[in-house]
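Below is one structure, written out as structure tokens; the observations come after it.
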Amino acid sequence: MVAGGGSAAGIAVAVLAPVLGWLAGHYLGDYFDRDLDAIAKPHRPIPSGRLGARTALVCGIACAAASLLATTLVNWRILPVFACAFAGIVTYSLVFKQRGLAGNVNRGALSALATVVGAMAVAPWPSWALLPVALGFGLHDTASNLIGTVRDVDGDRAGGYRSVPVRHGTTTAVRLAAVLWAAAVVAIGAGALAAERPVPQLAGLAVAVLAGGYAFAVVRPGSVTRRRALRSHEVLVAERMVLAGAVVAGAAGPALAVAVVLPALVVSLFMQARMRARHEFPAGAGDGEDTP
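My numbering puts the sequence shown at residues 295 to 586.
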């Protein structure tokens with residue numbers, strides 16, 4: 295609908311293919327990061343022995359293959375976009391993650407490509423009106439990934455990864471993330487100019503801005519800790535879902551946007567509250583403090 299198409303099969307693939315791609319990214323990320331995780335996060339699935347390295351690799355490839363098959367069946371033109379996305383998944387851990395801002399931009403590009411893949415599942419070619427939306431999600435994911443490196447600064451330093459907070463400090467990383475986030479908001483706001491229903495999209499964007507503002511208030515200069523960075527990242531993840539809802543509202547109306555996004559948002563917040571902090575900071579791991 296947002297991309298100008300609307301067949302049931304296309305919409306199903308537009309939802310399923312990026313989800314499978316993200317699962318592939320997580321499995322393959324755990325596989326390629328297993329040496330770093332053994333140093334920085336020994337409680338993660340592979341270092342802890344709960345998931346075999348070979349199993350992670352097979353599951354990652356299987357999810358990617360399923361995503362490729364689904365997208366190819368609805369639109370073969372997606373193939374080069376898919377190839378770029380898969381290359382980005384692999385090179386993130388193997389090449390770019392340890393190279394500072396390049397790794398954050400790599401992750402942001404994956405979100406932009408996922409937006410294009412979803413659009414091309416329901417239309418032969420993406421509309422030019424989708425450009426500011428894809429750019430906005432790319433910038434937003436770059437910003438949230440940068441906040442993630444603030445959370446992981448100690449482990450990245452121990453593993454020899456030269457992330458932005460390792461090289462320039464957490465305060466600089468947070469300020470850069472805030473600039474990228476603001477640019478994302480501007481891009482998606484500009485996308486409302488081409489939306490069928492600009493007012494609902496701008497209203498949803500306003501809600502997202504409030505959430506994003508809170509996320510960056512949590513990690514304001516002088517107060518940055520790993521736990522605060524985790525909290526900020528959690529809020530930004532939720533806020534990105536609100537941004538997606540704003541775009542849907544601009545294309546199909548607020549009722550559908552709420553019906554789609556609200557259940558997903560509730561589940562995401564519940565799972566993050568129940569599982570994520572416990573996973574990132576297991577018992578005996580310390581208080582999560584770092585140096586601003």
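We put the CB at the ideal spot given by N, CA and C, even for glycine.
DSSP three-state assignment for residue i, whether helix, strand or coil
i	result
His-320	helix
Val-369	Here residue 369 is Asn; the residue named in the question, Val, does not match the sequence. Asn-369 falls in the coil class under three-state DSSP.
Arg-393	coil
Asp-584	Residue confidence is low: Asp-584 scores 46 on pLDDT, short of 50, so the model does not pin down where it sits. Its coordinate-derived value is still stated next. Of the three classes helix, strand and coil, the one that applies to Asp-584 here is coil, per DSSP.
Trp-419	coil
Leu-499	helix
Val-513	coil
Pro-463	Here residue 463 turns out to be Gly, not Pro, going by the sequence shown. Gly-463 falls in the coil class under three-state DSSP.
Glu-528	helix
Thr-519	coil
Pro-492	helix
Inter-residue spacing [alpha-carbon to alpha-carbon] between residue i and residue j
i	j	result
Thr-464	Gly-304	42 Å
Pro-589	Gly-539	Because residue 589 is not part of the residues shown, which for the chain are 295 to 586, the question remains open.
Pro-336	Leu-524	18 Å
Val-384	Ala-417	27 Å
Leu-314	Lys-391	21 Å
Arg-338	Val-389	21 Å
Ser-526	Asp-446	13 Å
Gly-507	Val-541	19 Å
Short Cβ contact (7 Å threshold) for residue i with residue j
i	j	result
Pro-459	Ala-471	no
Ala-415	Val-368	yes
Gly-544	Ala-486	yes
Gly-382	Arg-461	no
Val-399	Thr-436	yes
Closer than 7 Å to chain C by CB, residue i
i	result
Ala-567	Considering every chain present, this structure includes no chain C. It has just one protein chain.
Anticipated Cβ contact below 8 Å, residue i with residue j, distance rounded
i	j	result
Ala-308	Gly-453	So it is not a contact: roughly 37 Å between Cβ atoms.
Ala-423	Ala-488	4 Å
Arg-521	Val-513	Not quite, the Cβ-Cβ distance comes to about 10 Å (not below 8 Å), so this is no contact.
Leu-499	Ile-482	6 Å
Val-411	Ile-441	About 25 Å separates the two Cβ atoms, so there is no contact after all.
Legend entry - contact_flag[the stretch 352-364, the stretch 476-489] where n(CB pairs < 8 Å) is 3 or more: no
Inset, instruction - Give a yes or no on contact between the stretch 403-416 and the stretch 338-353, applying the rule of three or more CB pairs nearer than 8 Å. - result: no
Legend entry - Stretch-stretch touch, CB-based, cutoff 8 Å, three pairs: the stretch 520-537 with the stretch 548-563: yes
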